[in-house]
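Keeping their order, the protein sequence lines are chains A and B. Each residue of the first sequence is one higher than the one before, starting from 35 at the first, in the working numbering. Each residue of the second sequence is one higher than the one before, starting from 489 at the first, in the working numbering.
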Amino acid sequence: MATAEPKAVFDVESVRRQFPALAQEVYGKPFVYLDSAASAQKPNAVIEAEMQCYREYYSNVHRGVHYMSQKATEAYEEARDKVSSFIGSGCKREVIFVRGTTEGINLIASTFGRQRVGAGDEVLITAMEHHSNIVPWQMLCEQQGAKLVVAPMNQRGELIFEEYERRLTERTKIVAFVHVSNALGTINPAAEMIAAAQERGIPTVVDGAQAAPHLGIDVAALGCDFYTLSGHKMFGPTGIGALYGKLEHLIAMPPYQGGGEMILTVSFDKTEYAEPPAKFEAGTPNIAGAIGFGAAVDFLRGLDLEAVAAYEADLLAYGTAALQAVPGLELIGTAQHKAAVLSFLIDGVHAHDVGTILDHEGIAVRAGHHCAQPVMDFYGVAATARASLALYNTRQDIDRLIAGIGQIREVFG
Amino acid sequence: MTVLTDLYQEVILDHNRAPRNFGPLDHPDRTANGHNPLCGDELRVYVALDGNTVTAIQFEGSGCAISKASASLMTEAVKGKSTAEVDTMFRAFHDLMTGDPSVREAAGPQLGKLAVFEGVREFPIRVKCATLAWHTLEAALHEDAKVASTE
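Dropping the structure here:
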């Protein structure tokens, strides 16, 4: 495969050594993990950070006057600082810890959404959304008597920008879109989409679950009103993510859940709410998870992210060319601007069978609808197989994938 | 260690390539849709009955090799059987893949050709693929659900 070598130096082997799960065998074969878009593996630093919290300074946060609570609170808030500066938010109060992108979007829909969207209004999304950026808006529209409008994409899986712009009307009260599609790998022109909405005074919500592990995120430069992240896709723990929101919105929004932590004073007559971010973090949070998330951000910031991007682009080009050379294989999602995802169909073989046979070769891929059934419907398929790449994958992994696909032909003839 | 050929036996591959009783049935007495939310696979089963006896059965839909072959082999196995016999076969089929060894041993002989699905038990995530058609048929026969689901 004659593709250019990566321009910047990125030492993938030293990165791989930091991920203990990768150094295993599955069915007696070296493990090839090509399912990072579902969830990424964890580096030692993340695993250690979570363990260290439980071993050395675990306590509840923002509550105790004692030493351990103080230590845990500092570490938890330090993690917020790290996430805040990683995504270019000017103020750590704009970062709310949530369970993940799904909870982030649900939070916006049920607070900001209910304030802004009324009967006859519209919420605009795109044709390539994950279920988590469809269903919360559908629920909101149903409650409010509003309409969910979908901006279409072309056969390559790219947003049709003029069609998107045409759907930005005076009825549009929120625009919510995915930064990088999990099913297709498409990188949406987020800055242009946000600018077009902003010109018309429409607030924007960006689902950044798949973007954060691959692209540098700068919410200030993007100018979005909200941006959501999942820690586990960024090499951090599960059950933790972040929601960025402009402070003016967070101040004006009603709380999401009621409980401890999110209050100033409570009486049976009236409760005064805390300021953001505490206002949106009712109950004891995922303390160790947040600290692990902070360690994942440190891990990413310790890398030359431009070199990582060049490395991943090379890997994607190599994988694309290799898959396209397989007879009877069709790539689904061939956007010009694309990240880390190779969704494909093999003529006459269902994605589940592809997944099972590759699994027996030690190769983990996702097979299914990728929580994006409307995307599958668009292409008229029930499911695809998806190999998704991360910074720890190699050309050898792609070669193994291609050899595994050869096995599929052996079985199915 | 599990072996792939235990799962993809020749009979299964054959029924996947050339499913029997595939396509709609004219004037069915019962129909039901089956859905596996895990993968989005959908299946439709059509049944003609004479009293309690299955006289004709057809299926259509899309699915993996396991689900398609299972539906195909099921249609062959249940034709001419009473609904009570179908119920017994379904239980035996389910036991074959999920039961403990003694249950499996008892189930095997009742199933004839369907015993080729025994290998599926080594692939727990695929059990739902093999049972989707049966859940759908049960729904059609007993009309207890418009849409059968593996979940």
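The C-beta atom is built at its ideal place from N, Cα and C for all residues, glycine as well.
Which residue from the options puts its Cα closest to that of residue i?
i	options	result
Leu193 of chain A	A:Arg429, A:Phe412, A:Arg443, A:Gly440	A:Phe412
Arg150 of chain A	A:Glu112, A:Lys207, A:Glu444	A:Lys207
Glu176 of chain A	A:Val157, A:Ser166, A:Ala161, A:Gly191	A:Val157
Gly294 of chain A	A:Pro288, A:Gly279, A:Ala316, A:Gly275	A:Ala316
Glu128 of chain A	A:Gly152, A:Tyr278, A:Arg429	A:Tyr278
Leu249 of chain A	A:Pro288, A:Tyr345, A:Pro289	A:Tyr345
Arg429 of chain A	A:Ser377, A:Ala373, A:Gln370, A:Ala347	A:Ala347
Leu363 of chain A	A:Ala373, A:Ser377, A:Gly147	A:Ser377
Gln172 of chain A	A:Asn140, A:Ile130, A:Arg201, A:Thr203	A:Asn140
Arg148 of chain A	A:Ile432, A:Ala230, A:Ala180	A:Ala180
Asp538 of chain B	B:Leu501, B:Thr571, B:Glu606	B:Thr571
Asp529 of chain B	A:Asp387, A:Leu425, A:Thr299	A:Asp387
Val399 of chain A	A:Arg420, A:Val383, A:Val80, A:Ile391	A:Arg420
Met268 of chain A	A:Asp45, A:Ala72, A:Asn188	A:Ala72
Just verifying my parser: in three-state terms, what is the DSSP assignment at residue i?
i	result
Gly474 of chain A	Summary: the structure shown does not reach residue 474 of chain A, with chain A confined to residues 35 through 447, and so no result is reported for it.
Pro64 of chain A	strand
Asp252 of chain A	coil
Gly528 of chain B	coil
Ile436 of chain A	helix
Glu192 of chain A	coil
Asp69 of chain A	strand
Glu306 of chain A	strand
Checking the sheet assignment: what are the DSSP bridge partners for residue i?
i	result
Gly279 of chain A	A:Phe260
Leu365 of chain A	A:Phe378
Leu158 of chain A	A:Val183, A:Val209
Gln546 of chain B	B:Tyr534
Lys372 of chain A	A:Thr220
Gly402 of chain A	A:Thr418
Glu59 of chain A	A:Pro64
Phe510 of chain B	B:Phe547
Val239 of chain A	A:Ala210, A:Phe260
Kindly say whether residue i, judged by its beta-carbon, lies nearer than 8 Å to any beta-carbon of chain B.
i	result
Met410 of chain A	yes
Asp14 of chain A	In this structure chain A extends from 35 to 447, so residue 14 of chain A is not present and cannot be described.
His386 of chain A	yes
Val399 of chain A	no
His213 of chain A	no
Gly402 of chain A	yes
Thr448 of chain A	Here chain A comprises residues numbered 35 to 447, so residue 448 of chain A is not present and cannot be evaluated.
Phe65 of chain A	no
Note the first and the last residue of the continuous beta strand (DSSP E) segment covering residue i.
i	result
Ser422 of chain A	418-422
Phe131 of chain A	129-132
Thr299 of chain A	297-300
First and last residue of the alpha helix (DSSP H) that includes residue i?
i	result
Asp583 of chain B	571-586
Thr563 of chain B	553-566
Leu350 of chain A	339-358
Glu199 of chain A	195-200
Asp115 of chain A	101-120
Tyr88 of chain A	78-90
Glu137 of chain A	135-142
Do we get a CB-CB distance below 8 Å when we pair residue i with the residues of chain A?
i	result
Ala553 of chain B	yes
Asp494 of chain B	no
Asp502 of chain B	no
Ser550 of chain B	yes
Phe547 of chain B	no
Pro528 of chain B	The sequence given here places Gly at residue 528 of chain B; Pro does not occur at that position. Yes, Gly528 of chain B lies at the interface with chain A (some Cβ there is under 8 Å from its Cβ).
Arg614 of chain B	yes
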